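The structure appears right after this line, and notes come after that.
Structure below.
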């Protein structure tokens with residue numbers, strides 16, 4: 001593929017993913033707002049969030065490791081060499097193997113759940129622990145559907161078909177919203193987990209038609225041919241790394257249960273808001289770049305690999321730096337708008353805002369990690385990211401144990417940010433050693449421009465917020481919403497203007513692209 005056509009395809013894919021991710025994240029915020037409004041930051045919601053840890057562990061360990069690090073590069077390699085038959089044989093074998101393993105593991109965990117839950121709920125009383133066990137058992141259904149769904153996602157990503165893949169999380173969140181809004185009145189907290197199961201089934205079904213259009217035909221067999229064996233070899237280091245990350249989450253959850261009631265809920269709500277821009281920009285650009293990086297490696301195109309990586313890296317920076325600054329400045333306003341209603345009181349709002357502020361400090365690193373890690377996976381190197389993630393995990397746990405007793409839940413977020421920054425820096429250093437120059441000079445110059453624009457943005461935003469105290473009634477939802485909107489819009493306009501003034505290539509290209517599209521629309525309508 002011509003590099004300029006590939007760039008356009010990559011950008012279009014990223015835009016599709018970002019738009020759908022935005023819708024999904026908005027629905028996610030609506031979901032969390034409904035939960036916070038109905039229940040507040042109480043023990044039953046702590047149990048709900050803690051109950052996710054075991055099913056998430058199963059899915060992340062057994063499926064996510066195979067898909068993100070191994071399946072797409074192997075599947076793409078077959079497609080690049082015009083061997084669709086082998087590609088779909090690999091997919092079918094992996095689907096059936098996944099189904100068998102997940103059913104067996106889920107059955108074992110169902111029986112052992114009381115013992116497993118006790119490891120991550122050190123601070124819960126016996127009643128909350130029993131509730132966590134019951135919720136976890138129901139949620140064990142979700143990894144089975146997510147496992148099948150994510151292999152379909154890998155197929156669609158390999159064919160560069162991103163629409164159905166991007167729709168899946170939207171349907172998942174709609175399922176949970178149905179549970180939160182309608183079913184909780186009937187079944188209480190159990191209505192939420194039923195919504196999760198509905199959402200996970202929808203996540204799978206929405207991708208199936210597109211996968212079939214790509215040529216996928218289900219057949220029940222497991223063939224341990226070269227492709228399946230290669231996936232097995234590649235996923236072992238990644239699975240170990242994800243296992244370490246899940247242990248990290250277990251420890252974080254366990255520490256949070258020893259803090260005041262509602263701490264698990266507060267940590268998860270702040271983390272979900274922090275994940276909002278990561279999903280829209282970090283993951284969208286990483287996912288859209290991944291098949292191009294894998295294809296470049298399969299064709300020994302070193303120039304193309306560096307180009308696709310640097311292009312995605314710079315775009316993530318452009319969006320994520322100003323967002324980090326705005327989230328830090330507007331942390332209280334954001335939490336008040338998203339969750340400040342119903343049973344979610346002012347104390348919970350303040351602590352959640354503090355926690356979000358510390359998450360914002362490492363937001364740029366958290367957004368870049370998915371791209372840098374996938375650059376390694378594209379080269380069939382899963383060991384280096386794993387080793388670095390283990391180092392990051394140790395730092396995170398040590399910092400959490402040190403900071404949480406002194407700072408409470410915000411200390412857990414600060415520990416997370418410190419670990420994420422170290423992980424991001426180490427990943428970039430080792431990737432540069434392996435791949436050589438990654439257009440580092442251009443990226444550094446761009447970073448300086450972004451940082452300079454960000455500093456001006458911070459000063460102006462702080463000034464507008466100071467003036468807004470005399471203009472809006474900040475005790476009301478509408479007053480806070482208007483203040484936040486004006487600060488965000490004016491900061492965004494100023495930021496783009498400054499980067500254009502600094503002659504930033506990416507921003508100028510984006511603006512010129514928008515102008516060209518507007519002119520085309522005018523001609524078409526004229």
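In this note's numbering, the protein residues as written are 1 to 526. Virtual Cβ for every residue (Gly too), placed ideally from N, Cα, C. Bear in mind that the values here come from a model prediction, so they are computed numbers and not experimental data.
Item                                                                                                                   : Value
Supposed close pair residue 491, residue 322 - CB separation, criterion 8 Å                                            : 7 Å
Other residues of its chain near residue 110: CB distance less than 7 Å, five sequence neighbours each side excluded   : 137, 140
Cβ pair count under 8 Å reaching 3, the region 445-462 against the region 486-505                                      : yes
Spatial neighbours of residue 216 in its chain, beta-carbon cut-off 7 Å, leaving aside the 5 residues before and after : 88, 91, 155
Ranges of the alpha helix (DSSP H) found wholly within the region 198-277, counting only runs of at least 4            : 208-213, 226-257, 263-277
Proximity of residue 192 and residue 180 at Cβ, strictly below 8 Å                                                     : yes
Where residue 82 sits in the DSSP three-state scheme                                                                   : coil
Residue 225 classed as buried or exposed, judged by whether at least 16 other C-beta atoms fall within 10 angstroms    : exposed
Beta-carbon proximity check, residue 70 vs residue 327, cutoff 8 Å                                                     : no
4 or more residues per run - each alpha helix (DSSP H) lying fully within the region 76-128                            : 84-120
Three CB pairs or more closer than 8 Å across the region 281-293 and the region 307-326                                : yes
Beta-carbon spacing of residue 76, residue 158 below 8 Å                                                               : yes
Span of the alpha helix (DSSP H), counted from its first residue to its last, around residue 445                       : 440-468
Contact between the region 394-403 and the region 239-254 (3+ Cβ pairs under 8 Å)                                      : yes
Rounded straight-line distance, which links the Cα of residue 189 to that of residue 37                                : 13 Å
CA nearest to the CA of residue 434, picked from 459, 297, 257, 337                                                    : 297
6 Å CB neighbourhood of residue 495 in its chain, flanking five on each side removed                                   : 322, 453, 457
Residue 24 burial status per 10 Å Cβ neighbour count (16 or more: buried)                                              : buried
From 53, 478, 283, 152, residue whose alpha carbon lies closest to that of residue 205                                 : 152
Same chain, Cβ closer than 6 Å to residue 34, five either side skipped, listed in chain order                          : 180, 181
Three or more C-beta pairs below 8 Å linking the region 91-101 and the region 260-276                                  : no
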